[in-house]
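*Asks:* The structure is given below, and queries will be raised subsequently.
In the numbering used here, the protein residues as written are 3 to 272.
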């Protein structure tokens, strides 16, 4: 049975003004804040579980992996640091064949106001985007590695996110992911990203009818989505995975709210 659905996604409306994305600090009042016009488009989103062969990081820019974590409380920062981050580094290294993986960020999100308030989680990012431009990916590398950066820039590196549920199955606000082969570079617009502690840059995305969209139906907490948000290799591999949260029109009225964690990793290939 096909789980292709029709859903509304938020796209950047082209303008002469450069857009700005304001990152929230989390909490009950956390909400999407963008200084630009965003318009909804209804798109067809196919179930990636039905893809044959399955999607891969280097072709589509995303993949699904089985992964059971030993973490018992994903809101315990100590467990995230001591248990989850080593698990994720090992997972990404296995999935990519990398020589080294460095975990550098964890973000918890929920579509429930009360959860955001009690857990200081952020809102789902319900606008089509990619996390890094070429310039901001290299800047992030330098921020994290410092003196190692120049040597690392001599080799291929990537940024891979690991996204998972930390509650029940993701039904209400899952991720939509665009096949990298269907994404046109000129549709990705560099956008200043302002946060409390730094200014960076991401990419918002304009609508293109050629974009092919996918989701993983019924994602459980024993699975994880890998998505590549940057790759320095320009030989033909997928370099980005544009994505967004979306309201699932097929979700049951009594579905459990989404609670998720996304972990960002620097991935090195020597």
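Here a beta-carbon is modelled for each residue, glycine too, at the ideal position from N, C-alpha and C.
1. Taking 8 Å as the limit between beta carbons, can you name the residues of its chain near residue 187, skipping five residues before and five after?
2. Does DSSP classify residue 118 as helix, strand or coil?
3. Taking the CB atoms as reference points, tell me whether residue 247 and residue 126 lie closer together than 8 Å.
4. Counting only runs that start and end within the stretch 96–156, where is the beta strand (DSSP E) found for 3 or more residues in a row?
5. First and last residue of the beta strand (DSSP E) that includes residue 230?
6. Let me know the secondary structure DSSP gives residue 202 once reduced to three states.
7. Name the DSSP bridge partner or partners of residue 8?
8. Buried or exposed for residue 264, going by 16 or more other Cβ atoms inside 10 Å?
9. With a 10 Å radius around its C-beta and 16 neighbouring C-beta atoms as the bar for buried, classify residue 35 as buried or exposed.
10. Quick one: Cα of residue 3 to Cα of residue 107, how far?
11. Across which residues does DSSP place residue 167 in a beta bridge pair?
12. Rounded to the nearest angstrom, what separates residue 51 and residue 166 at their Cα positions?
13. Among residues of its own chain, excluding the 5 on either side of residue 105, which ones have a beta-carbon nearer than 7 Å to its beta-carbon?
14. Let me check one thing: in DSSP terms, what residues is residue 196 bridge-paired to?
15. Under 8 Å between the Cβ atoms of residue 59 and residue 131?
16. Can you give me the C-alpha to C-alpha distance between residue 177 and residue 153, rounded to a whole angstrom?
17. DSSP on residue 173, reduced to helix/strand/coil?
18. Output the distance between the C-alpha atoms of residue 219 and residue 67, rounded to the nearest integer angstrom.
19. Excluding sequence positions up to five away, which residues of its chain have a Cβ less than 7 Å from the Cβ of residue 274?
20. Nearest to residue 242 by CA position, among 53, 63 and 199, is which residue?
21. For residue 55, count neighbouring C-beta atoms within 10 Å of its own C-beta (all shown protein chains included) and say buried if the count is 16 or more, exposed if not.
22. If distances are taken between C-alpha atoms only, which option among 103, 133, 82 and 10 comes closest to residue 110?
23. Please report the straight-line C-alpha distance between residue 144 and residue 155, rounded to a whole angstrom.
24. When you compare only the Cα positions, how much space is there between residue 229 and residue 210?
25. Does DSSP put residue 1 in a helix, in a strand, or in coil?
26. Look up residue 216 in the DSSP assignment and say whether it is helix, strand or coil.
27. Tell me, please, which residues DSSP counts as bridged to residue 40.
28. Which value, in whole angstroms, describes the spacing of the CA atoms of residue 78 and residue 173?
*Replies:* With the given structure in hand:
1. Leaving aside the five residues that flank residue 187 on each side, none in its chain has a CB nearer than 8 Å to its CB.
2. Residue state, collapsed to three classes: helix.
3. Judged by their CB atoms, residue 247 and residue 126 are nearer to each other than the 8 Å cut-off.
4. For the stretch 96–156, whole beta strand (DSSP E) runs of length 3 or above, ordered along the chain, are 102–112.
5. Counting along the chain, the beta strand (DSSP E) containing residue 230 begins and ends at 225–233.
6. Note: residue 202 maps to strand in three-state DSSP.
7. Note: residue 8 sits in a beta bridge opposite 46.
8. That one is buried.
9. Burial state of residue 35 is exposed, judged by a 10 Å Cβ sphere holding fewer than 16 other Cβ atoms.
10. In this predicted model, residue 3 has a pLDDT of only 41, less than 50, meaning its place in the structure is not dependable; the value taken from the coordinates is given anyway. One C-alpha to the other measures close to 37 Å.
11. 262.
12. Rounded to the nearest angstrom, the two C-alpha atoms are 16 Å apart.
13. Within the same chain, and ignoring the five residues on either side of residue 105 in sequence, the residues whose Cβ sits closer than 7 Å to its Cβ are 87, 90, 91, 265 and 267.
14. Looking at the DSSP output, residue 196 shares a beta bridge with 24 and 201.
15. With contacts defined by Cβ atoms closer than 8 Å, residue 59 and residue 131 do not form a contacting pair.
16. If you take the alpha carbons of residue 177 and residue 153, they lie about 35 Å apart.
17. DSSP places residue 173 in coil when its eight states are reduced to three.
18. CA-to-CA, the gap between residue 219 and residue 67 works out to about 14 Å.
19. For residue 274 there is no data in the structure shown, the boundaries of the chain being 3 and 272.
20. In this structure, 63 is the residue among 53, 63 and 199 with its C-alpha nearest to the C-alpha of residue 242.
21. Flag for residue 55 reads exposed.
22. Closest by alpha carbon: 82.
23. Cα to Cα, residue 144 sits roughly 10 Å from residue 155.
24. Residue 229 and residue 210 have their alpha carbons spaced roughly 21 Å apart.
25. This structure cannot settle anything about residue 1, because the visible part of the chain is limited to 3 through 272.
26. Here residue 216 sits in strand by DSSP.
27. Under the DSSP definition of a beta bridge, residue 40 partners with 14.
28. Distance between the alpha carbons of residue 78 and residue 173: 24 Å.
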